[in-house]
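In what follows, a single structure is set out as structure tokens and then discussed.
2 protein chains.
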Amino acid sequence: MKQILIIEDDPEIIKLLEIHLSNLIYTTSKALDGEEGLNLALQNEYDLILLDLTLPTMDGVTICKRIREKKNTPIIMLTAKSEEIDRVLGLEMGADDYITKPFSIRELLARVKAVMRRTDVTKFEKKETSTITADGLLVDIERRKVLLNDKKIELSPKEFELLVLMASNPGRNYSRTELLDVIWGYNFEGYEHTVNSHINRLRAKIETDMAHPKYILTSWGVGYKFNEDIVT
Amino acid sequence: MKQILIIEDDPEIIKLLEIHLSNLIYTTSKALDGEEGLNLALQNEYDLILLDLTLPTMDGVTICKRIREKKNTPIIMLTAKSEEIDRVLGLEMGADDYITKPFSIRELLARVKAVMRRTDVTKFEKKETSTITADGLLVDIERRKVLLNDKKIELSPKEFELLVLMASNPGRNYSRTELLDVIWGYNFEGYEHTVNSHINRLRAKIETDMAHPKYILTSWGVGYKFNEDIVT
DNA sequence: AAAAAGTATCACAATAATATCACAGTACAA
DNA sequence: TTGTACTGTGATATTATTGTGATACTTTTT
């Protein structure tokens, strides 16, 4: 019997999911807010987690990341936003799939089955490396440490997160909105040019020539990306 | 053949949408005011509805809600206001996506395709080709990267969009007006020969012999097209 | 062949996007 | 409390991109 955890604050949706998932011989647990959901997810072994993006006490993005730090449980995000960008975001933060509300039950069940099928095979695969190396730069994610030519660099939290996110996927373009969503959080109400400032400060610490950055490149009219040509 | 319903009071925009949607092998119906639109939406089975927010006789929000009471037809809202509030409203009332006027046709088509893909359960596993190859040219749409004989080429936003659009349909002729509508947006007030300049700059970056272009060909008296004889 | 129409090219100004910097508010530790 | 580091934002500087005019060049038409 497969165990599914539902983290979702709308009781209507929970009810809906429970009815249809139990038809497929899955048993379900539920959590109504983020904190509770995270605890359940970490303390038990589920086969799948259905995770709402917008939740009380802790938002879905954070929960997803926190779960991924400890566990490999497959996660399907439930989100109200349907922009293409969000899809990528959801997957990059470690979710296995996403589905946008309002969704049809048929569609959801198809994805649940698909994820179950997929993870049966890949269940025992190893997690990714926790250090990134590129030219003279070394980023130790676990220890939150950055070395530039063997010299230790002190980064602020935001700077570090920016670096890790972008360096984890060299060559991928990140729009300012995307970065705000992922690092600042979904509900950040502020200007996009806040990102500029942080990129600027990050560059000041790791780049030798500010006019010609080696690591953090700007994609004009798009956003920023980590230089893919220098990763080892 | 997919059926799309357009509920929109501006005949110009309807015409524009019809032209470009028919290129994608969609057939369209149209309604010029809210009442008519609602009736059509309820009495027929459409695959998608494009719904203007501000309409005579009945506004878009009401129509959207009324449709949702009876049907699950995917809806994309067309709205002139760009405030964040309106977006959330649009989604909460049951719309699948929204797009703010003035929009570029390219953007709209992308969303239409995305919604179609999403709602079509059977096609979920299918992946879309995100790279185009032709002779020495490689266009990675997802990563916004262009390689010419394994050498990276930096393109400006407009140049990149022109290339992607035309390379996606090799051999198809694009008039200057069409390119302006699709890439610049239908509201662009400017000269057609703006396109010439951008094509010129694009060519300067990817063509080796400007006098005899290999990729971007000129259709005399018509417009431009991507050379269909070299795609792999 | 000349005129006309459409296209190519280029330089330059206007625009929009990004970079930089200073400063104030905040949080947090000593 | 004071001090310190971090962060968001305004102001301003600096760039890259873009639209346009002028002009040269082709192709088509007459």
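From first to last, the protein sequence lines stand for chains A and B. Under the working numbering, the first residue of the first sequence carries the number 1, and numbering increases by one thereafter. Under the working numbering, the first residue of the second sequence carries the number 1001, and numbering increases by one thereafter. For every residue, glycine included, the Cβ atom is placed at its ideal position computed from N, Cα and C.
In the three-state reduction of the DSSP assignment, A:A31 falls in the strand class. Between the alpha carbons of B:A1110 and A:E207 lies a distance of about 37 Å.
Sequence-distant partners of B:R1172 (beyond 5 residues in either direction) whose C-beta falls short of 8 Å from its own C-beta, in its chain, are M1166, K1225 and F1226. Against chain A, a Cβ distance below 8 Å from B:S1156 picks out W220 and G221. DSSP, read as helix, strand or coil, puts B:L1163 in helix.
By the Cβ-count criterion, A:D209 is exposed, with fewer than 16 other Cβ atoms from all chains shown falling within 10 Å of its own Cβ. Chain A has no Cβ within less than 8 Å of the Cβ of B:R1106. For B:T1218, there is no enclosing alpha helix (DSSP H); the residue is found in the beta strand (DSSP E) stretching over I1216 to S1219. According to the DSSP assignment, A:I199 belongs to the alpha helix (DSSP H) that extends over H193 to I206. DSSP places A:S168 within a helical segment (H, G or I) once states are collapsed to three.
In the DSSP assignment, B:L1050 falls within the beta strand (DSSP E) that extends over L1048 to D1052. Exposure of A:Y191 is indicated by the presence of fewer than 16 other C-beta atoms within 10 angstroms of its C-beta.
In summary, no residue of the stretch 1178-1202 of chain B has a CB separated from any CB of chain A by less than 9 Å. Ranking B:R1201, B:F1103, B:V1112 and B:S1104 by CA distance to the CA of B:D1097 puts B:V1112 first. Among the CB atoms of chain A, one or more fall inside 8 Å of the CB of B:R1143. Per DSSP, B:G1223 is one residue of the beta strand (DSSP E) stretching across G1223 to F1226.
Selection B:R1201, B:H1193 and B:S1168 evaluated against B:V1222 yields B:H1193 as nearest (Cα-Cα). Within the model, the alpha-carbon separation for A:T133 versus A:T54 is close to 34 Å. Per DSSP, B:L1137 is one residue of the beta strand (DSSP E) stretching across L1137 to D1140.
In this structure, A:I7 and A:I76 do not form a Cβ contact; the two beta carbons are roughly 11 Å apart against a cut-off of 8 Å. One finds R1143 and K1145 in chain B with Cβ atoms closer than 8 Å to the Cβ of A:G171, taken in chain order. Its chain contains P1102 as the residues whose beta carbon lies nearer than 6 Å to that of B:N1187, once the 5 sequence neighbours on both sides are disregarded; these appear in chain order. Under the three-state reduction of DSSP, B:K1070 is assigned to helix. Excluding sequence positions up to five before and after A:G34, its CB lies within less than 8 Å of the CB of I7, L55, P56, T57, M58, D59, G60, T62 and I63, all in the same chain and listed in chain order. In the DSSP annotation of this structure, the continuous segment of the beta strand (DSSP E) that includes A:K145 starts and ends at K145 to L148. By the C-beta density criterion, A:T79 is buried, having at least 16 other C-beta atoms within 10 angstroms. Distance from the CA of A:V164 to the CA of A:K158, rounded to the nearest whole angstrom, comes to 10 Å. Buried is the label assigned to B:A1041, since at least 16 other Cβ atoms lie within 10 Å of its Cβ. Following the DSSP letters along the chain, one finds B:K1015 inside the alpha helix (DSSP H) bounded by residues P1011 to N1023. DSSP places A:A211 outside both helix and strand once states are collapsed to three, so it counts as coil. Within its own chain, the residues whose Cβ lies closer than 6 Å to the Cβ of A:A31, once the five positions on either side in sequence are excluded, are I7, G37 and L40, listed in chain order. Annotation for B:V1231: A1134 and P1170 place their beta carbon closer than 6 Å to its own, counting only its chain and skipping 5 residues before and after. Put simply, of A:Y46, A:K2, A:P11 and A:Q43 the residue whose alpha carbon is nearest the alpha carbon of A:Y26 is A:K2.
Each residue's CA atom was taken as its position, placing B:L1137 and B:T1131 some 10 Å apart. Shown here, B:L1055 sits in coil according to DSSP, grouped into three states, outside any helix or strand.
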